Structure formats: C-alpha cells, structure tokens
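Chains as they are written, first to last, in our numbering: chain U, 2 to 197; chain P, 77 to 266. Note that beta-carbon positions come from the ideal geometry of N, C-alpha and C, so glycine has one too. Since this is a predicted model, take the numbers as computed values, not measurements. All remarks here apply to the structure that follows.
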C-alpha cells in the first residue's frame, strides 16, 4: 500500500470511481461518464476513476466530492465504535478501505487531508487490538476453527468478515507467528537431541 | 522471494532454539575428555569431578549419553521465577529475565523429563511458573499495542522469543501507520 507504481493495492484502489463536478466545458469527452452528450458541460457531474480524476482535479478542470465510504455517516459510526463497522462492505471487492482512503487523502488539501488522516489512524488503532486477539485465538483452533462459529461466535465472526484487506494481512501475520510459537512449545525435544 | 510472507521479517522458534544452544552452561562431567576443537571453539578438557563450562548443545548431548550432570543456571529455580512472577503481576513494565530464558528453559526441562530427572528440582512447578510468566507478559504486550505509533515503540526487557513473535505484526502495522500519516504542512502535489 504505497505510491509504488507496481503496487497492486494502489492500482486496485485507484480503480474506484469518485464523483467529479466539472468546472469547464470539455468538448468531445461526453463518453467518459457513459452519458450520451458529445461534450461535457460546466457544472455537470460524472463518475470518474481516481487515476483519471487525479489529473483532472490537479489541472483544475473539476472538483470532486468525498466518496461514500468516507462520508459523515461512516465517520460518525467509526467515532462511536470503530470495531462495529464492516469495512469490507463499504468498498467493493478487491480494494481496501484504508488504501482508498490514502489515495483520496493524497488528493485533498491540507486541512481536509489531516482530518482524514486522523480518522484513518484512529480507526486503524481502534481495530488493531481486536485483530491481534482474534488472530491469537484462531492460532489455537487452527484452520478448521473458522467454520465452527455458529451462534456463539457470531460477533467476532462478523468482525472478522468485516476486516479490510490490510487488516487481513496483519491478521494472517499474527496468526502465523502465534501458531509457530504454540507448535514449538508443545513439541517435545526435537532437533539435536535425537542424535545419540 | 519464495519465503512465505510471515517468515520474511522474523526467524522461526527452532532457529532461535539453535542460537540459544550456543550459550555456555556449567556441568559436572562423569567422564574425561581432552581439549577438543569444535567449529565454534575449543572446549575442555573435562576432568571429573571438576566443573566445566561447555556450550548447551554439547551439555545436552552428553547428558543424553549419561556422561554428565547439568548444573542448573541460578535463574531456573522456583524461588527466582516466583519472585519474578510476582513482580510481573504487580508492576507495570516487564521484569528482567535472561534474554533467552524461554529457549534455554525448554531445552533443559525437556532433557530432564525425558531422560534424567535428577538435576533440576520440581520441574512441574517450574513449568507452571514459566507458563504463567509467559501469559502475564503476553497480556502486557497487548497493552503495548495501544501505544503503537509510526515512529518508535519501546518495550524494555522483552525476551528473544517474545520479540520474535510480535515483530512481523508490529513492523507491518507501523508501516501502515506511516502510510496513513499526513503532516499538516505537507505537499499538495504528486
């Protein structure tokens, strides 16, 4: 998740569309938003992918709105309880909420950018402890434990399903190290001691 | 790289065990061995009943062949571990333990149990104490997660196994935080 040209996360995030309101008239580009006009008229709105919108906004031909995954409704929900929001539902399959947030944050001006950055960081930290806890719990159960939740486990299970792609990577990392530790502790004497 | 993602930033516990096995430990040899050259250095001569210092791997090997008695390190005793456990529970911050206590204790206790239950007293009690210590410290490191920020994280007196366990997770999380951060005076352009 960085500005690396080859980063898959960044490419997927930039594929998302955001709503842009054009300030000038742009001839012969009506097909961009899927509309039927030949030209783009001033003050008309189109959904443009971020990789294209970036240049358009930078050259001051349009303004864009903050997309739905970061709307005030979502922000308030996160401020109330970061762990109850299902981040994976907010953004379509493939892209992550955090990666999208970062891409948009790079386009925003200072004040909004800092506000967005704080929201992202607070959410991340709020959910982090739960990610670790669940990862260690699941290291015990192994890979079979995922399906056996049922009614008892539904709250943690819903949290797990709502994890963003970046959080899933962290989950896997923590789970792997916990599993290795557990295996090492339980294994009897191995290694050099077998030589007699 | 063909290493799985989680192994790229840390080592495996058996590798740490191997590294810990190079520590010197005191033994009472039962046979005589001359000064022998090994890859890591020359050890010996072993003259019973005089005590000698040899690497842990060698001590365990001799022990399996019943050719020495291992003198337990002073921290591997019920009193010491109990006092550390009390300190761990009552005070914030981690208590000071030998850096590789997890590996060394596992190696020695396993040898005791399987082969020669005579050198370390009350192995069961020690095992329980070690397990409690581990869990108490794990609980504390979970609290450390709250303090995480993109710059640095300082948890003093953490031991080798524990560091290795949390390293991949913490480093990745700190990387993400760095990406998400935005300075107030930062740039507006590509």
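### Task
For residue 152(P), I'd like the list of residues in its chain whose CB is within less than 7 Å of its CB, leaving aside the five on either flank, ordered along the chain.
181, 184, 196 and 202
### Query
Can you tell me the Cα-Cα spacing of residue 124(P) and residue 104(P), whole angstroms?
7 Å
#### Entry: Rounded C-alpha distance that separates residue 127(U) from residue 136(P)
47 Å
### Task
Measure the beta-carbon distance from residue 136(U) to residue 172(U) and round it to whole angstroms, keeping in mind my assumption that it falls under 8 Å.
5 Å
### Query
Quick one: Cα of residue 90(P) to Cα of residue 52(U), how far?
46 Å
#### Entry: Whole-Å CB distance - residue 156(P) paired with residue 150(P), under 8 Å assumed
7 Å
### Message
Rounding to the nearest angstrom, what Cα-Cα distance links residue 166(U) and residue 249(P) in this structure?
### Response
13 Å
### Task
Check the Cβ of residue 86(P) against every Cβ in chain U and list those closer than 8 Å, keeping chain order.
178
### Message
Nearest by alpha-carbon distance to residue 188(U): which of 230(P), 214(P), 179(P) and 211(P) is it?
### Response
179(P)
### Message
Taking only three categories from DSSP, how would you classify residue 152(P)?
### Response
coil
### Query
DSSP state of residue 47(U), grouped into three classes?
strand
### Message
Considering only their Cβ atoms, is the gap separating residue 170(P) from residue 234(P) smaller than 7 Å?
### Response
yes
### Query
Hey, would you say residue 72(U) sits closer than 7 Å to residue 163(U), going by beta carbons?
no
### Secondary structure, alpha helix (DSSP H): runs of 4+ residues fully inside the stretch 59 to 119 of chain U
73 to 81, 88 to 91 and 98 to 108
### Query
Is the beta carbon of residue 131(U) less than 7 Å from the beta carbon of residue 84(U)?
yes
### Task
Please go through the same chain and pick out, in chain order, the residues whose beta-carbon is closer than 8 Å to the beta-carbon of residue 185(U), but skip the five residues on each side of it.
none
### Task
Give a yes or no on whether the minimum CB-CB distance between residue 245(P) and chain U is below 7 Å.
yes
### Residue span of the beta strand (DSSP E) that contains residue 175(P), given as start and end
From DSSP, residue 175(P) is part of no beta strand (DSSP E); its letter is neither H nor E.
### Query
What is the DSSP secondary structure of residue 124(U), counted as helix, strand or coil?
helix
### Query
Between which two residues does the alpha helix (DSSP H) carrying residue 145(P) extend?
Residue 145(P) -> not in any alpha helix (DSSP H); beta strand (DSSP E) instead, spanning 144 to 146.
### Message
Pull the bridge partners of residue 131(P) from the DSSP assignment, please.
### Response
100(P)
### Query
Expressed to the nearest angstrom, what Euclidean distance is found between the alpha-carbon atoms of residue 148(P) and residue 139(P)?
13 Å
### Message
Just to make sure I have the definition right: I need the residues of chain U whose C-beta is within less than 7 Å of the C-beta of residue 173(P). Which are they?
### Response
Here the premise fails: no neighbours, minimum Cβ distance about 16 Å.
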